[in-house]
Amino acid sequence: MPSKGVQVFTYIGVPDISIELSVPKQTITRRDQGFWSGSLEVEARNIDSFFNKKGRFTFKVFHRGNQITEQWIDVNALTGNASGGTMESIAETPSIFHDNFIISYGLYEAGPGHDPLPNQHQCYVTVTQNYTNWITNLAPPGSDFEKKPFHRLVLPSAHDVGMNSMESSAALLRKVGGAVVSTMLTRTDDKVCRVVDKLSGYPIELIAPNIIYSLSITQKDSLESMLRIGARYFEFRPARLHSSIRGRDALPDKLYFMHSAIPGMGYDTFLEGIVKFLRANKNEIIVVQLRWDGVPSDCAHPSSEEKKQYLEKAIRDHAGGEINVGNLDDMKHRTISELRRDKKRLLMLDSVDTLSTYTDDGNATINGQSIVDAFPRVLEDRGAQRRAGFVLIQCQATATNIQKALLHSIKDAGVTTSVLLATKGLCDHKTLPWCRDNVVDRCELGKTVVLMNDWLDGATVDVAVGLSRRRLAK
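Counting the sequence shown from 1 gives a position; my numbering is that position plus 139.
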């Protein structure tokens with residue numbers, strides 16, 4: 140009989156939690172802390188209806204037997220499609236904050252399966268403690284850990300933080316239409332251009348919103364939620380709108396995060412959120428790096444004066460005199476205590492050289508194995524680590540660099556079919572355990588380490604905080 144699989148990846152980081160996974164006539168309950176993966180099968184023979192062969196995949200999270208949440212989607216055992224329920228769209232799966240727990244989750248719809256993408260639906264669920272004040276709790280004021288250098292910390296990072304919603308892109312589409320967006324995509328991204336050429340006559344502009352979702356959206360939580368989950372390092376690429384649409388009143392003429400030429404979060408909105416968080420959480424410290432990788436020249440880059448004006452406005456309007464801005468020298472040489480004493484809790488970097496584990500070939504993967512293989516090769520060069528401003532470990536896959544995967548992402552683009560989301564669980568369950576087991580020994584103690592990921596989740600943060608604790612103890 141026909142069936143459709145759901146591959147599930149879980150991480151439990153706190154005691155007394157259980158995760159119940161179910162499909163018709165099959166239930167799995169996970170209680171052990173740590174990483175786990177397994178599969179459930181929605182089988183037609185287990186669905187009582189003769190005509191309707193949809194079976195519900197559900198996960199429930201319990202704390203000491205009390206249900207915290209239930210999320211579900213219907214899976215058609217005949218066609219493989221998944222629809223309805225609470226996980227039908229990436230935007231409908233925000234992290235859940237409950238008491239002192241955070242539940243992060245997401246679903247990739249595989250449909251009938253397209254090589255080389257997974258042919259099973261992919262669901263990930265992480266349950267960890269609330270890390271709103273993790274640096275405060277790890278290195279409390281007056282503690283021995285607070286006297287240690289800030290660079291001992293391993294900072295969790297949300298990759299492409301500004302691409303966490305369709306707000307800017309949707310406003311742009313409403314004003315100028317999908318044709319202009321598709322022109323922007325093909326003018327600035329050779330990979331997309333080659334794929335579009337293969338789809339001659341295909342109405343790309345009609346599915347422009349779904350293409351943006353599938354290729355550009357890398358986060359789904361608000362900035363405030365990402366900070367509460369535990370992110371403490373952000374890369375931001377501020378630039379003006381593409382010249383083909385600037386001046387057409389599609390969006391306010393200001394600096395936005397740019398994913399190629401696709402606009403995301405406003406730079407002013409980002410800085411305001413960061414400063415407000417730091418003012419509310421008085422012992423936390425955040426690092427922001429400005430850079431412009433992949434931002435085309437058609438998107439005007441800000442001058443030094445403009446960057447200064449944006450930052451000064453955020454500090455003036457929202458810091459209340461409680462936050463000063465630090466720099467790379469502060470990150471490299473000050474203790475946590477000294478940064479707090481001098482109120483330098485926002486460290487701003489600009490195009491600082493890093494030792495990054497990212498490579499175009501290594502991160503062009505579905506299952507993450509080539510990412511893990513690259514980790515030791517990059518990190519074995521201790522001289523390069525010492526010369527770099529800091530070490531950047533990138534756990535996210537860039538499956539959009541695989542042409543067949545990119546083809547399906549554009550042709551079958553939808554709000555649950557993101558090629559980036561397809562790799563989340565598969566990669567995390569290889570990259571994060573490797574980092575947990577190896578970073579302390581393989582990374583220079585005198586360099587800050589950043590742990591970056593798409594779809595920021597509790598497991599990424601939990602691993603980073605555990606590594607920070609071990610590095611501070613040395």
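Note that the Cβ used here is the ideal one computed from N, Cα and C, for glycine as well. Computed from a predicted model, the values in this text were never measured in an experiment.
| query | result |
| --- | --- |
| Distance, N220 Cα to P251 Cα | 7 Å |
| C-alpha distance - S476 paired with S234, whole-angstrom precision | 31 Å |
| Start-to-end residues for the beta strand (DSSP E) that takes in A297 | V293 to A297 |
| For D489, the residue or residues it bridges with in DSSP | L429 |
| Cutoff 7 Å; reference R385; Cβ partners in own chain excluding five residues on either side | R379 and D392 |
| Reference S382; option with closest CA among V434, A419, F409 and V153 | V434 |
| Environment of G465 [buried if 16+ CB atoms lie within 10 Å] | buried |
| Any alpha helix (DSSP H) of 4 or more consecutive residues that is wholly inside the stretch 377-425 | 406-419 |
| Cβ-based neighbour list, K471, same chain, cut-off 7 Å, excluding 5 preceding and 5 following | H290 |
| Whether K563 touches Y263 by CB criterion (8 Å) | yes |
| As assigned by DSSP and simplified to three states, the class of L584 | coil |
| Residue interval of the alpha helix (DSSP H) (run including Y126) | Examination of residue 126 is not possible in this model, given that the chain is present from 140 through 613 alone. |
| Buried/exposed call for F196, threshold 16 Cβ in 10 Å | buried |
| Rounded separation between L595 and K164 - CA only | 32 Å |
| Within-8 Å CB hit, I510 to chain C | Of the protein chains in the structure, only one exists, and it is not chain C. |
| Cut-off 8 Å between Cβ atoms - residues of its own chain near L467, not counting five sequence neighbours on either side | L486, L488, V491 and G528 |
| Exposed unless 16 or more other CB atoms sit within 10 angstroms - verdict on A309 | exposed |
| Coarse secondary structure for H260, derived from DSSP in three states | strand |
| Among R418, P255, W273 and V266, nearest to T539 - alpha-carbon criterion | P255 |
| Cβ neighbours of E411 in the same chain (closer than 8 Å, five flanking residues each side left out) | A453, D456 and H457 |
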